[in-house]
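Chemist: What follows is a structure written as structure tokens; I'll ask about it next.
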Amino acid sequence: MNYVSSTLHTLEALAALRDELAHVAEQHAASSGIVQHPDWLAYEVSSRRDGTRPHVVVVRDGTGRVAGYVPLLSIDHTARLDLAGRRVSVYRGAALRLLGGGVVASEAERATVELVAARQLAGDPDVRVLRIQEADLPNRFAAILSAGGAMRVVPAHLLDQVHWSIDPQASSASWLDAMDKKKRTDLTQRVGRAYRKLGGDAALHTFDRAEDMPRYCSLMNVLYARTWHHDDLPTDWEAPERVALFQRLAAAGQLIGHLVLRDGRPLAYVHGYRVAGTYLVDDLGYDDEVAKVGIGSVAVFQAVRALLDRYPGERISFGYGDNQYKRLLSTRSEPCGSLYVVRPTRSTAGFRVYGPVRWLYRGLHRVRADLRARRAGDVTSASS
């Protein structure tokens, strides 16, 4: 069967195909997360005022059916590299940003969609830089894009990161049973200790209905302002576009939020999205005033148990980056990182800097690790 591709460049064109794209995205394991859903794509564009536009490559089969798509945004991008505490710009100009880690397609058609979409992108001389910010490694789509020689893959992360997740479980009980007894006991006892310290009517509440979203966003706005996240990434949880998006996602069963409330006051949150058989823990935080209670990690543990019982056989992803709670709760870890796929031109020559800098940084990192290991060995030998 012949497959053809086309590109959506406007919100109107995206809206016209919304249902067909959503049908693909919501199939089991078809997408890597909610950011690849057409509703999220539309939100990303409509909520920004920086010229971001859709650039969605749609692949159809010979009957006209949408087989899959590549959720890209056309952006003005600056690529920077940290050198000795200074952020050096290596590229500034037009780029495509991939939402998620690859194409959206069923397992049966993924390879075909990847090949057809990659041919269109690699054959378009206007596509000079494509960014995959959160990529599983090795990344299939990046490898296919660069296979013809027109573009090349540039790893932008200095060290590989880790993607932590919980494999599908029959229930929370089976998940807990797989842990060693000490770990299981410690996790369950923390819950009681934390809530005794909080006192009052403190409890974890679930928000998953469309009609809940205005109140949920209001509580999130209050709580988020009291977390350390706010300084790094200020967010208006009550922005009309965000509330409308959350209502659509909740109505479709794709948004489930958890809040610890005490006497109506929010103290901790676990915010996430469920699509294609995976629940992504997208964000979590807690009021700095109750940090010592440990309610943040307790809320995550409670939310995970509830999700495993509510959706047996589905996966829970903690996203990219390392953290102690991810190590404790996960059953799987996989390498991930940040990639660019670039067309070699004068304007993209700066990306050549990444290779030697990564080599030097990794070498220094290995030296430091060896020194720490030797010192730890010396301390052990001395104490014995």
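782 is the number that our numbering gives the last residue of the sequence shown; the numbers go up by one with no jumps.
Ideal placement from N, C-alpha and C gives every residue a C-beta, glycine not left out.
Only a predicted model underlies this, so the values are computations on that prediction, with no experimental measurement involved.
Based on DSSP bridge pairs, tell me the residues matched to GLU418.
Modeler: For the purposes of this step, residue 418 is taken as the residue at position 20 of the sequence shown. DSSP, once it has assigned bridges, lists no residue as partnering GLU418.
Chemist: Here's the rule: buried if 16 or more other CB atoms are within 10 angstroms of the residue's CB, otherwise exposed. What is THR586?
Modeler: The count along the sequence shown starts at 1 and reaches residue 586 at position 188. So THR586 ends up on the exposed side.
Chemist: In whole angstroms, what separates the C-alpha of ALA592 from that of ARG660?
Modeler: Residue numbering aside, residue 592 sits at position 194 when the sequence shown is read from its first letter. Residue numbering aside, residue 660 sits at position 262 when the sequence shown is read from its first letter. Approximately 12 angstroms, taken between the alpha carbons.
Chemist: Would DSSP call ARG744 helix, strand or coil?
Modeler: In the sequence shown, counting from the first residue as 1, residue 744 sits at position 346. ARG744: coil per DSSP, three-state reduction.
Chemist: Judging by CA-CA distance, which residue of ALA465, TRP573, GLN722 and LEU415 is the nearest neighbour of LEU706?
Modeler: Residue numbering aside, residue 706 sits at position 308 when the sequence shown is read from its first letter. The shortest Cα separation from LEU706 among ALA465, TRP573, GLN722 and LEU415 belongs to TRP573.
Chemist: Looking at SER403 and VAL456, is the spacing between their C-beta atoms short of 8 angstroms?
Modeler: Locating residue 456 in the sequence shown gives position 58, where the first residue counts as 1. Locating residue 403 in the sequence shown gives position 5, where the first residue counts as 1. Result yes, Cβ atoms of VAL456 and SER403 sit closer than 8 angstroms.
Chemist: Going by DSSP in three states, VAL641 sits in which element: helix, strand or coil?
Modeler: The residue labelled residue 641 in the question sits at position 243 within the sequence shown. It is helical.
Chemist: If I measure Cβ to Cβ from VAL518 and keep anything under 7 angstroms in the same chain, skipping five residues before and after, which residues do I get?
Modeler: Numbered from its first residue, the sequence shown carries residue 518 at position 120. In the sequence on display, residue 518 carries Gln and not Val. Excluding sequence neighbours, GLN518 sits near SER403 and VAL455.
Chemist: Start and end of the beta strand (DSSP E) containing ARG725?
Modeler: The residue you call residue 725 lines up with position 327 of the sequence shown. First-last for ARG725: 722-727, but that is the alpha helix (DSSP H), not the beta strand (DSSP E).
Chemist: In whole angstroms, what is the alpha-carbon distance linking THR743 and ILE473?
Modeler: Working through the sequence shown from its first residue, we reach residue 743 at position 345. Working through the sequence shown from its first residue, we reach residue 473 at position 75. Rounded to whole angstroms, THR743 to ILE473 spans 19 angstroms at the Cα level.
Chemist: So LEU494 and LEU528 are in contact, right, with Cβ under 8 angstroms, and what is the actual spacing, rounded?
Modeler: For the purposes of this step, residue 494 is taken as residue 96 along the sequence shown, with counting starting at 1. For the purposes of this step, residue 528 is taken as residue 130 along the sequence shown, with counting starting at 1. That belief holds up - the Cβ atoms of LEU494 and LEU528 are roughly 5 angstroms apart, short of 8 angstroms.
Chemist: Apart from the five residues on each side of it in sequence, which residues of its chain come closer than 6 angstroms, Cβ to Cβ, to ASP417?
Modeler: Here residue 417 refers to the residue found at position 19 of the sequence shown. Correct list: empty, nothing qualifies.
Chemist: Compare the beta carbon distance of HIS627 and GLY683 with 8 angstroms and say whether it is the shorter of the two.
Modeler: The residue given as residue 627 occupies position 229 in the sequence shown. The residue given as residue 683 occupies position 285 in the sequence shown. Taking 8 angstroms as the Cβ cut-off, HIS627 and GLY683 qualify as a contacting pair.
Chemist: Would you mind giving the Cβ-Cβ distance between TYR467 and VAL422, rounded to the nearest angstrom? I have them listed as a contact below 8 angstroms.
Modeler: As a first step, residue 467 is located in the sequence shown; it is residue number 69 there, counting from the start. As a first step, residue 422 is located in the sequence shown; it is residue number 24 there, counting from the start. Contact check for TYR467 and VAL422: beta-carbon distance about 7 angstroms, within the 8 angstroms limit, so the pair qualifies.
Chemist: I'd like the list of long-range same chain contacts for ALA576, defined as Cβ closer than 8 angstroms, with 5 residues on each side in sequence excluded.
Modeler: The residue given as residue 576 occupies position 178 in the sequence shown. Excluding sequence neighbours, ALA576 sits near THR729.
Chemist: For HIS627, which of helix, strand or coil comes out of DSSP?
Modeler: For the purposes of this step, residue 627 is identified with residue 229 of the sequence shown, where counting begins at 1. Helix, per DSSP.
Chemist: Give the straight-line distance between the Cα atoms of GLY546 and LEU621, rounded to the nearest whole angstrom.
Modeler: Along the sequence shown, one-based indexing puts residue 546 at 148. Along the sequence shown, one-based indexing puts residue 621 at 223. Between GLY546 and LEU621, the alpha-carbon positions lie close to 49 angstroms from each other.
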